[in-house]
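Chains A, B, C and D, in that order, are what the protein sequence lines are. Our numbering applies: residue 5 is where the first sequence begins, and numbers increase by one. Our numbering applies: residue 5 is where the second sequence begins, and numbers increase by one. Our numbering applies: residue 5 is where the third sequence begins, and numbers increase by one. Our numbering applies: residue 5 is where the fourth sequence begins, and numbers increase by one. Each remark here refers to the structure printed beneath this line.
Protein chains: 4
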Amino acid sequence: MTRQRLPGAERRHQIADAALRILADRGATQLTALTLAREVGVADATLFRHFPSMDAIVDAAIGRFGEALESSLDRSEATPVTRLRAFFLHRFKLLRARPELLRLAFNDRLIDAASGAGSAEVRAIVNRSRSFVQACLLEGRATGEIRSDLPPRILFLVMSGVMRGAALSSIDGIEDPSTPEELWDCLWRLLAAAPLQR
Amino acid sequence: MTRQRLPGAERRHQIADAALRILADRGATQLTALTLAREVGVADATLFRHFPSMDAIVDAAIGRFGEALESSLDRSEATPVTRLRAFFLHRFKLLRARPELLRLAFNDRLIDAASGAGSAEVRAIVNRSRSFVQACLLEGRATGEIRSDLPPRILFLVMSGVMRGAALSSIDGIEDPSTPEELWDCLWRLLAAAPLQR
Amino acid sequence: MTRQRLPGAERRHQIADAALRILADRGATQLTALTLAREVGVADATLFRHFPSMDAIVDAAIGRFGEALESSLDRSEATPVTRLRAFFLHRFKLLRARPELLRLAFNDRLIDAASGAGSAEVRAIVNRSRSFVQACLLEGRATGEIRSDLPPRILFLVMSGVMRGAALSSIDGIEDPSTPEELWDCLWRLLAAAPLQR
Amino acid sequence: MTRQRLPGAERRHQIADAALRILADRGATQLTALTLAREVGVADATLFRHFPSMDAIVDAAIGRFGEALESSLDRSEATPVTRLRAFFLHRFKLLRARPELLRLAFNDRLIDAASGAGSAEVRAIVNRSRSFVQACLLEGRATGEIRSDLPPRILFLVMSGVMRGAALSSIDGIEDPSTPEELWDCLWRLLAAAPLQR
DNA sequence: CATGAATGAGCTTTCATTCAT
DNA sequence: AATGAATGAAAGCTCATTCAT
Numbered sequence: 005m006t007r008q009r010l011p012g013a014e015r016r017h018q019i020a021d022a023a024l025r026i027l028a029d030r031g032a033t034q035l036t037a038l039t040l041a042r043e044v045g046v047a048d049a050t051l052f053r054h055f056p057s058m059d060a061i062v063d064a065a066i067g068r069f070g071e072a073l074e075s076s077l078d079r080s081e082a083t084p085v086t087r088l089r090a091f092f093l094h095r096f097k098l099l100r101a102r103p104e105l106l107r108l109a110f111n112d113r114l115i116d117a118a119s120g121a122g123s124a125e126v127r128a129i130v131n132r133s134r135s136f137v138q139a140c141l142l143e144g145r146a147t148g149e150i151r152s153d154l155p156p157r158i159l160f161l162v163m164s165g166v167m168r169g170a171a172l173s174s175i176d177g178i179e180d181p182s183t184p185e186e187l188w189d190c191l192w193r194l195l196a197a198a199p200l201q202r
Numbered sequence: 005m006t007r008q009r010l011p012g013a014e015r016r017h018q019i020a021d022a023a024l025r026i027l028a029d030r031g032a033t034q035l036t037a038l039t040l041a042r043e044v045g046v047a048d049a050t051l052f053r054h055f056p057s058m059d060a061i062v063d064a065a066i067g068r069f070g071e072a073l074e075s076s077l078d079r080s081e082a083t084p085v086t087r088l089r090a091f092f093l094h095r096f097k098l099l100r101a102r103p104e105l106l107r108l109a110f111n112d113r114l115i116d117a118a119s120g121a122g123s124a125e126v127r128a129i130v131n132r133s134r135s136f137v138q139a140c141l142l143e144g145r146a147t148g149e150i151r152s153d154l155p156p157r158i159l160f161l162v163m164s165g166v167m168r169g170a171a172l173s174s175i176d177g178i179e180d181p182s183t184p185e186e187l188w189d190c191l192w193r194l195l196a197a198a199p200l201q202r
Numbered sequence: 005m006t007r008q009r010l011p012g013a014e015r016r017h018q019i020a021d022a023a024l025r026i027l028a029d030r031g032a033t034q035l036t037a038l039t040l041a042r043e044v045g046v047a048d049a050t051l052f053r054h055f056p057s058m059d060a061i062v063d064a065a066i067g068r069f070g071e072a073l074e075s076s077l078d079r080s081e082a083t084p085v086t087r088l089r090a091f092f093l094h095r096f097k098l099l100r101a102r103p104e105l106l107r108l109a110f111n112d113r114l115i116d117a118a119s120g121a122g123s124a125e126v127r128a129i130v131n132r133s134r135s136f137v138q139a140c141l142l143e144g145r146a147t148g149e150i151r152s153d154l155p156p157r158i159l160f161l162v163m164s165g166v167m168r169g170a171a172l173s174s175i176d177g178i179e180d181p182s183t184p185e186e187l188w189d190c191l192w193r194l195l196a197a198a199p200l201q202r
Numbered sequence: 005m006t007r008q009r010l011p012g013a014e015r016r017h018q019i020a021d022a023a024l025r026i027l028a029d030r031g032a033t034q035l036t037a038l039t040l041a042r043e044v045g046v047a048d049a050t051l052f053r054h055f056p057s058m059d060a061i062v063d064a065a066i067g068r069f070g071e072a073l074e075s076s077l078d079r080s081e082a083t084p085v086t087r088l089r090a091f092f093l094h095r096f097k098l099l100r101a102r103p104e105l106l107r108l109a110f111n112d113r114l115i116d117a118a119s120g121a122g123s124a125e126v127r128a129i130v131n132r133s134r135s136f137v138q139a140c141l142l143e144g145r146a147t148g149e150i151r152s153d154l155p156p157r158i159l160f161l162v163m164s165g166v167m168r169g170a171a172l173s174s175i176d177g178i179e180d181p182s183t184p185e186e187l188w189d190c191l192w193r194l195l196a197a198a199p200l201q202r
């Protein structure tokens, strides 16, 4: 049996990714068999040779979304703070490469397109990142690197707020001049245990 | 079926508000004439005696959304920091009273339901709050009350991140134990120019 | 809105006549309760206080149509030719006074608005004029006043063709310069047994 | 339900022609997506895979109507009278083959179904036949073949009256015994310059 | 594998008609 | 008598999906 990647599998990825793009750019109401087929460059009936239904396409899209977000969760880094930093920087790389993905983590468009089980899966995926960050924050607080005068819950919101800002600024065409590293420095000033020099 | 008669203006508000609720809870794909009419408790044709089209209903909903968000922008407070605090606390009151409204400020569901001009209006409304906050931050920084080691842009994201967290926690049924005042204290620790003594 | 109260019978005539006008000007697809009510200057619900249904309104309109067309059939004139001439001239008076009526005799708009029985009635009304004319033609032929080298059926078509031309020219805004009497002279040249000396 | 597949262009013609038939037989109020689909033998949604809207279907129908009427205008005949005769006889052939078409030239049902631009097009089509006939009449009058004691406008009405009679008699099931040639002879007696033997 | 054609279900909207005031 | 509000039925149209080629 040939182990080569079948054109079929490739097409499926292509379709799922196109669905993510349409969702991120135009929202769930605009994700139809027709718009999707057009985005991919095939006839609408062709979609259903690769997937049994639109729901299945959205499920596949959710899968791609999950894989991408998962790839930011690098547990191999030594300390909680380096883990957090690596996560943050990786997400920015993702943001440059596929801006649609992060936006879908911050609006509900993927959830709106999903049906029942799918939307729970989206929430689970997003929660995995949240848990990862919260674990880092808790550990960092235990080691004294991260400030303990604020509940980790709040610190998480600070971090996700900054990331959301970055993710959305790309929509509005607002070019953000700062590099990911500069942004991390800003963020770190907010999270670090000892106040940095002001 | 029993006929519930209501004066036109009242019915229109009722419909627009129901639309906001459906959008916040179930998303734009679920906002149909039928679901909306059911939520209001009338026949679907009745909607079109009060509005010429679904688009017009969404426009009215956007109007209600705008009024509500606007009501938080109290420019009468004396100092930038008290303005900011008043804004923050007012938004929390809004959150308790009509949780759907804040959620719609943070996901794209209202935008997805709107058509063309409408979605621009939603963005404009959200931007008005953003500008208000950013103006407060800039002024507070000028008066030395707000820290100047971080760009106001970042401080804005910190604040909106905390508010988004509060707005969304109400969805997941995660009851947040802290009072708005406690949350403001947390936020203030992040924004204040000098670390508070505690 | 100012409420105009009118005695029932008058209102009913007003409504039926307005229906005829809408039919003649815009066709059966445009005759709706709303457009009709607007033409009359009342609310749509008001129509149904005077008639049980739209069908009833169309029936009343057909009645008015029938009365008007009937009024041209003057059987008191002595000879077939004077009867014919009187008919022709009377129809032209009608055309000036209520141009919509004759047009409805030549297109199918009243029939399209009527339901079953109604459309048969319209046909019957039109046929009554036709029979009147054909009777005149037959008689006139018997008396030798009207040419006999052509079947009366054809002569009838000549006459109705001229009348239709007059009726429709009023739509297109084509002002016809000739007087009814001049037109009758033309027509008579076509119908007369012997060519007129002129 | 059995699926009848047809190439697109053919189906479009089929639909447009069915629309003409419904219009001629039952009028614009009866031309609905459902009745039309039934007449064609497909589901109503199928219509909209071939046309974007009912308006577009009516436009196509108008196109077919125009082509058919145009085919009668044979400018190659040598003299005005033979042109007129050829036109008359061709229209009768059309009448036998597709009786609905001529009826639509004499009632307003196609206009009523059309929207704005469409109805102007219908009038333009009908006017083209009128102009053709009027040109023949004018020329024939110049050559002395056609009587000049009556304005050509009237002679046109005579001709169109006879044709309308023929077109409508087919509705009422009134079988007209005369052949087209016999009818032309009648008509010619009315138009010719010198009175024929009576 | 791909696609043009076809369709049932569902959506927005219009319309005639009813009801409460 | 008149009207604003309400509604069921049907219209036009969209959409996911199936089928035949």
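Using N, Cα and C, we set each Cβ at its ideal position, and we do this for glycine too. Note that the structure is predicted; figures quoted are calculated from it, not measured.
Item checked: Residues near E104 (chain C) by beta carbon distance below 6 Å, same chain, minus five either side -> Excluding positions up to five away in sequence, the list reads L24, R25 and A28.
Item checked: Runs of alpha helix (DSSP H) lying entirely within the segment 40-90 of chain B, each at least 4 residues, in chain order -> Correct list: 48-54 and 58-74.
Note to self: Taking 9 Å as the threshold (C-beta atoms), are L108 (chain A) and L195 (chain A) in contact?
What the structure shows: For L195 (chain A) and L108 (chain A), no; Cβs fall outside 9 Å.
Check: DSSP state of A198 (chain D), grouped into three classes?
Finding: A198 (chain D): coil per DSSP, three-state reduction.
Margin query: Excluding the 5 residues flanking V162 (chain D) on each side, which residues of the same chain have their C-beta closer than 6 Å to its C-beta?
Written below: Within the same chain, L194 come within 6 Å of V162 (chain D) by CB-CB distance, once the 5 residues on both sides are set aside.
Note to self: Between the segment 36-47 of chain D and the segment 40-49 of chain C, can you find at least three pairs of beta-carbon atoms closer than 8 Å?
What the structure shows: Output reads no: the segment 36-47 of chain D does not touch the segment 40-49 of chain C.
Margin query: Quick check on S75 (chain C): buried or exposed, where buried means 16 or more other Cβ atoms within 10 Å of its Cβ?
Written below: Flag for S75 (chain C) reads exposed.
Item checked: Span separating the alpha-carbon of A117 (chain C) from that of R53 (chain C) -> Those two C-alpha atoms are separated by around 20 Å.
Note to self: Distance cutoff 9 Å, beta carbons only. Does D21 (chain C) sit that close to anything in chain D?
What the structure shows: No, no contact with chain D.
Item checked: Proximal residues of chain D, C-beta to C-beta of I158 (chain C) below 7 Å -> Simply V166 and C190.
Note to self: Can you pull the chain B neighbours of L38 (chain A), defined as C-beta to C-beta under 8 Å?
What the structure shows: The premise fails here: L38 (chain A) is roughly 16 Å from chain B at the closest Cβ pair, so nothing lies under 8 Å.
Item checked: Minimum C-alpha distance to A1 (chain B) - residue among B:R102, B:L51, B:L98 and B:V85 -> In this structure chain B extends from 5 to 202, so residue 1 (chain B) is not present and cannot be described.
Next item on the list: Mind checking the segment 95-123 of chain A against chain B and listing, in chain order, the residues whose C-beta falls within less than 9 Å of any C-beta there?
Entry: Closer than 9 Å at the C-beta level to chain B, one finds these residues of the segment 95-123 of chain A: R107, F110, N111, D112, R113, I115, D116 and A117.
Margin query: Run through chain B and tell me which residues come within less than 7 Å of G169 (chain A), C-beta to C-beta.
Written below: Below the 7 Å Cβ cutoff, chain B contributes L161 as neighbours of G169 (chain A), in chain order.
Check: Among D:L10, D:A64 and D:R30, which one has its Cα closest to the Cα of I115 (chain C)?
Finding: Closest option to I115 (chain C), Cα to Cα, is D:R30.
Check: Hey, quick one: how far does the alpha helix (DSSP H) through S123 (chain D) stretch, first residue to last?
Finding: Under the DSSP assignment, S123 (chain D) falls in the alpha helix (DSSP H) whose first and last residues are A121 to A146.
Check: Hey, F55 (chain D) and I61 (chain D): beta-carbon distance below 9 Å or not?
Finding: In contact: F55 (chain D) and I61 (chain D) (Cβ atoms closer than 9 Å).
Check: Any residues in the segment 26-37 of chain B with a beta carbon nearer than 7 Å to a beta carbon of chain A? Which ones, in chain order?
Finding: Cβ contacts with chain A come from G31, A32 and T33.
Item checked: 9 Å Cβ cutoff, Q8 (chain A) in contact with chain B -> Any reading at Q8 (chain A) is ruled out, since the residue's pLDDT is 38, under 50, leaving its predicted position unreliable.
Next item on the list: Measure the C-alpha to C-alpha separation of G12 (chain A) and Q18 (chain D) and round it to an integer number of angstroms.
Entry: For G12 (chain A) and Q18 (chain D), the distance between alpha carbons rounds to 39 Å.
Note to self: Quick check on this structure: which residue in C:R15, C:D78 and C:D59 has the alpha carbon closest to the alpha carbon of A47 (chain C)?
What the structure shows: Distance check between A47 (chain C) and each of C:R15, C:D78 and C:D59 places C:R15 closest, using alpha-carbon atoms only.
Margin query: As a quick exercise: from A:F160, A:E143 and A:I129, pick the residue whose alpha carbon is nearest that of A82 (chain A).
Written below: Taking A82 (chain A) as reference, the option from A:F160, A:E143 and A:I129 with the minimal CA-CA separation is A:E143.
Margin query: Can you tell me whether N111 (chain A) is buried or exposed? The criterion is at least 16 other CB atoms within 10 Å of its CB, across all chains shown.
Written below: Buried is the call here.
Note to self: Suppose the cutoff is 8 Å on Cβ atoms and the five residues either side in sequence are ignored; what does the same chain contact list for L191 (chain D) look like?
What the structure shows: For L191 (chain D), the CB contacts under 8 Å within the same chain, skipping 5 residues up- and downstream, are F92, V162, M163 and V166 in chain order.
Margin query: The alpha helix (DSSP H) that contains P103 (chain C), what's its start and end?
Written below: Where P103 (chain C) is concerned, the enclosing alpha helix (DSSP H) stretches over P103 to F110.
Item checked: Opening and closing residue of the alpha helix (DSSP H) in which L35 (chain D) lies -> Taken as a continuous stretch (DSSP letters only), L35 (chain D) belongs to no alpha helix (DSSP H), as it is neither H nor E.
Note to self: For S57 (chain B), would you say it is in contact with chain A, using Cβ-to-Cβ distances shorter than 9 Å as the test?
What the structure shows: S57 (chain B) is outside the set of residues whose beta carbon lies under 9 Å from a beta carbon in chain A.
Note to self: So, for P181 (chain B): in the same chain, excluding its five sequence neighbours on each side, which residues have a beta-carbon less than 7 Å away from its beta-carbon?
What the structure shows: Nothing meets the Cβ criterion.
Check: Apart from the five residues just before and just after R168 (chain B), which ones in its own chain have a Cβ nearer than 6 Å to its Cβ?
Finding: So the qualifying residues of the chain are F110.
Next item on the list: To the nearest angstrom, report how far apart L154 (chain B) and D189 (chain A) are at their CA atoms.
Entry: Near 10 Å, if we compare the C-alpha coordinates of D189 (chain A) and L154 (chain B).
Next item on the list: Provide the residue(s) that pair with I150 (chain B) in DSSP beta bridges, ordered along the chain.
Entry: Note: I150 (chain B) sits in a beta bridge opposite B:A196.
Check: By DSSP, does A9 (chain B) sit in helix, in strand, or in coil?
Finding: Residue 9 (chain B) is actually Arg in this sequence, not Ala. In this structure, R9 (chain B) counts as coil in the three-state DSSP scheme.
Notebook entry, point to check: Just reading off the alpha helix (DSSP H) that S164 (chain B) is part of, what are its end residues?
Noted result: Secondary structure note for S164 (chain B): its alpha helix (DSSP H) is the uninterrupted segment P156 to S173.
Check: Got a sec? Which residues, its chain only, sit under 6 Å from F136 (chain B) by beta carbon, not counting five neighbours each side?
Finding: Closer than 6 Å at Cβ, skipping near neighbours: L77.
Margin query: Counting only beta-carbon separations shorter than 9 Å, does S76 (chain A) have a partner in chain B?
Written below: Not a single CB atom of chain B sits nearer than 9 Å to the CB of S76 (chain A).
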